[in-house]
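Using our numbering, the first residue of the sequence shown is number 1, and each one after it goes up by one. Remarks on the structure that follows.
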Amino acid sequence: MTGTTTYSVIIPMYNEEAVIQETYRRLKKVMNMTGEAYELLFVNDGSRDRCADIIRECAYWDDTVRLIDFSRNFGHQIAITAGMDYAEGDAVIIIDADLQDPPELIFDMIEKWKNGYEVVYAQRIKRNGETMFKKWSASLFYRVLRASTDISIPVDTGDFRLMDRKVVNEMKRLPENNRFVRGLVSWIGFRQTAVEYERDERLAGETKYPLKRMIKLCLDGITSFSIKPLKISGYLGALLSASGFIYLFYVLYLALFTDETLRGWASIVSVMLIFNGCVLLMFGFMGEYIGRIYDEAKGRPLYIVRDVHGLNNREKPVRKRLIANE
Ligand code: UDP
Ligand code: MG
């Protein structure tokens, strides 16, 4: 189904009116320099500002511009998934709208792609202009993910990457609702390599990934690729009850064979709090998995499109459901 387009650049945007014009200009410059056919595929993830209007205006006189307009905000990972569903290039590039990912790096990615790599991901060696908290939480996120999943997801790597058509076609077959795209790409395999870069400051506007969304992304990453948290509950349970028994024998020993008795309800309360906390925590882990099973069982579409621009002749992607509901 590949057409004459060599490169599809997917740009998810959520309230990015402050930067989108400049992003368009920089991307245009870079993509023109490749000398090959390309399309710029903007996905408007339910923005409440004018960014979609700005892109529509660009599309008016630039026929490389495409727009997928969501009916509401579905989230970054879903937006890039929609982009992949509609893209028709032989290589598909995903880039943030805020110019934190320098478009000029696309040249290096293309070079590696032409040398036979099917996935070229951009790995940050430095982050500029982000708060200490963001840097620290992001770093923790990648390390927790690496420790808890069974496949190797490269650290300090976001969604800024180039993927060959083969990889994108495989991506389109994956049905899950709670998506962690970079993990799925690692899972798919093929020849993968990195290009390194320094992540710049956001050009304007503020991050659309507050802590709450970071936690959701982290949980999606872990739960999609590992059941270790469930196993940990088993081990932790075993460990706690073993220590409970040992302590019980110690208390009995003191009561039966010595004159000492252990006193204090404070210690009982704290032990109870700790143990009940553990139990609830494990319920929470289980809930995360069950909630995701529930999401998949509903089998709702990943996203709803209000309208598209420049894509009218393209076949609408059909995603196979995990649980068929005929
Ligand atoms: N984004 C999106 N939908 C959302 C949140 C973010 O499409 O619900 C886009 C956003 O416009 C940007 C990219 O995802 O192009 C990355 O978001 P952001 O720059 O806010 O994340 P950060 O770089 O701070 O991690
Ligand atoms: Mg950003």
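By construction, the Cβ of each residue, glycine as well, lies at the ideal position given by its N, Cα and C atoms. Since this is a predicted model, take the numbers as computed values, not measurements.
When the Cα atoms are used, phenylalanine 285 and leucine 248 turn out to be separated by approximately 29 Å. In the DSSP assignment, threonine 223 falls within the alpha helix (DSSP H) that extends over 211-225. In this structure, isoleucine 153 lies near serine 186, with their beta-carbon atoms less than 7 Å apart.
Between the C-alpha atoms of alanine 266 and leucine 140 there is a straight-line separation of about 35 Å. Annotation: the continuous beta strand (DSSP E) that includes glutamate 39 extends over 38-44. Per the DSSP secondary-structure output, leucine 67 pairs in a beta bridge with Phe42 and His309.
Between the stretch 12-23 and the stretch 45-56 there are three or more inter-stretch CB-CB distances shorter than 8 Å, so the stretches are counted as touching.
In the displayed model, aspartate 85 falls within a helix according to three-state DSSP. Comparing alpha-carbon positions, the option among Ala18, Asp62 and Glu22 lying closest to tyrosine 38 turns out to be Asp62. Excluding sequence positions up to five before and after leucine 184, its CB lies within less than 7 Å of the CB of Met171 and Leu174, all in the same chain and listed in chain order. Judged by DSSP in its simplified three-state form, alanine 194 adopts strand. Taking the Cβ of arginine 202 as the reference point, at least one heavy atom of the ligand MG falls within a distance shorter than 6 Å. Excluding residues up to 5 positions away in sequence, Thr157, Arg161 and Ala194 lie with their Cβ nearer than 6 Å to the Cβ of tyrosine 121 in the same chain. Classified as exposed, threonine 261 has fewer than 16 neighbouring CB atoms from the shown chains inside 10 Å of its CB. The C-beta of leucine 256 has fewer than 16 other C-beta atoms within 10 Å across all chains shown, which makes the residue exposed. Under the 10 Å beta carbon count, arginine 124 is surrounded by 16 or more other beta carbons and is classified as buried. Not one heavy atom of the ligand UDP lies closer than 6 Å to the C-beta of asparagine 128.
Between glutamate 88 and threonine 5, the C-beta gap is smaller than 7 Å, which places the two residues in contact.
Excluding the 5 residues flanking it on each side, isoleucine 151 has same chain C-beta neighbours closer than 6 Å at Ser186, Trp187 and Phe225, in chain order.
Contact between valine 181 and threonine 81 holds, with the beta-carbon distance rounding to 7 Å and staying under 8 Å.
Using a C-beta cut-off of 8 Å, the stretch 230-237 makes no contact with the stretch 195-215, since fewer than three inter-stretch Cβ pairs fall below that distance.
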